[in-house]
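K.L.:
If you're matching them up, the sequences are chains A and B in order.
For the first sequence, the numbering used here begins at 15 and goes up steadily by one.
For the second sequence, the numbering used here begins at 15 and goes up steadily by one.
Protein chains: 2
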Amino acid sequence: MAERKRPDPGRVLALLWGTATTPTPARGPRPKVTLDQIIRAGTDLADAEGLDALSMRRVAERLGVGTMSLYTYVPGRTELLHLMYDRAVGPTPPPPQGATWRQALRHYARLGRDLYRDHPWTLSVATPGLMLMSPNSTARADAVYAALAPLGLSAEQQAAIAGSVDAYVRGACQGSGVSLTSAGLDGGFTDTDDYERWWTEATPHLIELVTRERFPHLYAVWEAGAFEDFGDASFDYGLDRLLDGIERHLDGT
Amino acid sequence: MAERKRPDPGRVLALLWGTATTPTPARGPRPKVTLDQIIRAGTDLADAEGLDALSMRRVAERLGVGTMSLYTYVPGRTELLHLMYDRAVGPTPPPPQGATWRQALRHYARLGRDLYRDHPWTLSVATPGLMLMSPNSTARADAVYAALAPLGLSAEQQAAIAGSVDAYVRGACQGSGVSLTSAGLDGGFTDTDDYERWWTEATPHLIELVTRERFPHLYAVWEAGAFEDFGDASFDYGLDRLLDGIERHLDGT
DNA sequence: CCCTTATTCGGTATGGTGTACGGAGTTGTT
DNA sequence: AACAACTCCGTACACCATACCGAATAAGGG
C-alpha cells in the first residue's frame, strides 16, 4: 500500500474484455512472458498459498522474470486480481435443457460453490462492482436473470431472488470449511500447517473455556461433531430451504 | 508479513477470555495506555478507513505511543484483530420473551447484520474457528442453539439450520452495498472517494461493454435500477424466504 | 546497412508494513 | 540502596507495491 495510484479504468477494462488484443506484432524485444502466463502463475500461487502470498515479486520469480517487468503487462496488483478473477469464473455452462427456474438457480449456485471451493481467494476479490467489470461474471449474471425472466417478475423481485441465492452461496463457502486457511480471511495464518498446529495447541485451552456448563446448547452440538464439516449436505440443505421459500412465495403471490 | 512468528494460543485466549485480568499492581512504570484503549483505537481506525489502514504504527500514533509499546499489551496484529472482533460482537441481547424459534433466529440474524454493517471489517476477520475463540461470539452461538433446542432436532440438523442462516447473513452483508469500500474486500481501493471516482470514470466504458444486445436480461434489471441498493428490504426478503423454507421443512417432517 | 523508434526488461529508490531485539528508564520490594 | 520486574520504544530487518528511468532489443524506413 504505497502512495496513491491514480487508477485507469479504461486500461483494465480493455484487458478484461479483450479489447486490447494486440494484433500488431509490435516492435520492441520479444516478450518473455504473456499476460496469460502471469494470470495463471498468480492463480496458482493464490490457490496454493492464499492471497497474502500473492506478491508481485513471487509471481515474477515464479516466471523467471524481473518484478517490474510484470507492470508491462498489468497495471498493478489489483488489476491482476481482477483478471485472475475473471479467468477463474470462466465460461458458464448452461443448465440442462428444459430446466425449471429452480433447477437453473440450483445449477448456478453449484457453479458458484465450485468457484469458491477451487479458488477460495475469489471470495476476497469479488467486490459488488466487479460483477459488471468482468465479462465472464457479467455473462453468468445474465444467465441467472435469463432463467428468471420467464416468471415475469419485477426487476426488484428478480434482483432480490438472485441476490439472496448469491448471498447464501458466498456466505456458505466463506464461513464453512471450504477452505480453512487460504480463504483470504485474514485470520493471520499463512499456512495450512500453521493453522493445524495452532488448533492442536489451542484445543486444550478451549476445552477448559468452552464448557458444557457455560454453553450447554452449543456444547451439545459441538460434542456431536456437527461442526466437523459443513459439507455438501449442509450446503444443499440451506440452498434447498432457500429455494423452497422462494418457490412457495412465488406460488402464493 | 514478516518472518514466521510462532503463535501462542494461550496468550490470546487469556486476553480474550479475561483470564489475564492482572490483579497484580505490577512493579514497573505506569502503563501509558490500556488494552481497552488499544482495542478501541484499532476499531475506530478500521471502522473509518478499513482493515488495510489498520497498521500498528497508526494505532500507536493515534494513542500517542511508540509503535513497539503496543506489543507489551498485544502479541501482534492478528491477535489485536481477534480482540477487536470479540469486542465488536459484544453481548447478545436475548430475543423477546416467548419468541418462537423463527422469531429468535430472525432476531439473531439482524444482530449479525448490525455487526457487519457497523463494523464491515469483521467480515474479513471472522474465520470459522474464531467463533470458538471469542467468548462473545461463543455466547451468541450458544443462544442460537438454545433457541433451536426446544425443537428436538438432531445436532446435524441444528448445525445445518444455524449455519444456513449465518451463511445468508454474511453473504448478504458482504455482497451488498453494506459497505462499498471498507468491507475488507481487497478491491484495491483505500478510500470511498477513490471508489466513487473510479466508477464515474469507468461507467462510460461499461456502457459500451455491458449492452442490451449482449446481456439483455441483466441489462433489463440493471436499467430498472434494481442494483442500486440491496437494502433492508432485500435482506429481509431472502432471510424470510430462507426461514419460510426451514419452517416448511420442519413441519413436513 | 544504419538509424530511428517503439517496446520490453529490470535495477534502484521511496515509503509503507509487521515485528524481533535489546537498551533505557521507572517503580515496588527487599 | 540495591534488586527485580516491568514499561517504553529506537533501531533494524525482511518484505511489500510501485514510480522512475536507463539499458537492451528488434522492426521499419531511408
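Yeah, the Cβ is synthetic: ideal placement off N, Cα and C, and Gly gets one too.
1) At the level of alpha carbons, what is the spacing between E75(A) and S138(A)?
2) Where does L199(B) sit, in a helix, a strand or coil, going by DSSP?
3) With a CB to CB cut of under 6 Å and the five nearest residues on each side skipped, what residues in its chain are close to A176(A)?
4) Enumerate in chain order the residues of its own chain whose CB-to-CB distance from Q126(A) is below 8 Å, with the five nearest sequence positions on each side excluded.
5) Once you ignore the five residues that flank L253(A) on each side, which residues in its own chain have a CB closer than 6 Å to its CB?
6) Under 8 Å, do D178(A) and R255(B) count as touching if we go by C-beta distance?
7) For D100(B), which residues in chain A fall below 8 Å Cβ to Cβ?
8) Taking the CB atoms as reference points, tell me whether V103(B) and R54(B) lie closer together than 8 Å.
9) Here's a check: name, in chain order, each residue in its chain whose Cβ is nearer than 6 Å to the Cβ of E93(A), leaving out the five neighbours to either side.
10) Would you check if there are 3 or more beta carbon pairs closer than 8 Å linking the segment 111 to 120 of chain A to the segment 77 to 91 of chain A?
11) Starting from H121(B), trace the alpha helix (DSSP H) both ways and give me its first and last residue.
12) Does the count of Cβ pairs from the segment 41 to 55 of chain B and the segment 80 to 87 of chain B closer than 8 Å reach three?
13) Please list the segments of the alpha helix (DSSP H) lying wholly inside the segment 30 to 105 of chain B, counting only runs of 4 or more residues, in order along the chain.
14) Which residues bound the alpha helix (DSSP H) around P149(B)?
15) Does the separation of the CB atoms of D100(B) and S151(B) fall below 8 Å?
16) Less than 8 Å between CB atoms is the rule here; does A160(A) satisfy it with respect to chain B?
17) Can you find a C-beta in chain A that's less than 8 Å from the C-beta of W213(B)?
18) Checking contacts by CB at 8 Å: is S248(B) closer than that to chain A?
19) If we call anything under 8 Å between Cβ atoms a contact, is H231(B) one with D246(A)?
20) For R60(A), which residues from the same chain have a beta carbon less than 6 Å from its beta carbon, with the 5 sequence-adjacent residues on both sides left out?
21) Under 8 Å by Cβ, that's how I've got P149(A) and W236(A) pegged, so tell me the actual separation to the nearest angstrom.
P.N.:
The answer reads as follows:
1) 24 Å
2) Any reading at L199(B) must be qualified, since the residue scores a pLDDT of 48, below 50, and its modelled position is unreliable; the value itself is stated next. Coil, per DSSP.
3) V158
4) Looking at the sequence shown, residue 126(A) is not Gln but Gly. Cβ within range, chain order: D180, V183, R184, C187.
5) A123
6) In the sequence as presented, Asp is not what sits at residue 178(A); that position holds Ser. In contact: S178(A) and R255(B) (Cβ atoms closer than 8 Å).
7) Within chain A, no residue comes near D100(B); the closest Cβ sits about 12 Å away, beyond 8 Å.
8) no
9) V26
10) no
11) 115 to 132
12) yes
13) 49 to 63, 70 to 77, 84 to 87, 91 to 103
14) 149 to 162
15) yes
16) yes
17) yes
18) yes
19) no
20) In the sequence on display, residue 60(A) carries Ala and not Arg. Same-chain partners within the cutoff: L68, W135.
21) Not really, about 44 Å apart at Cβ, beyond 8 Å.
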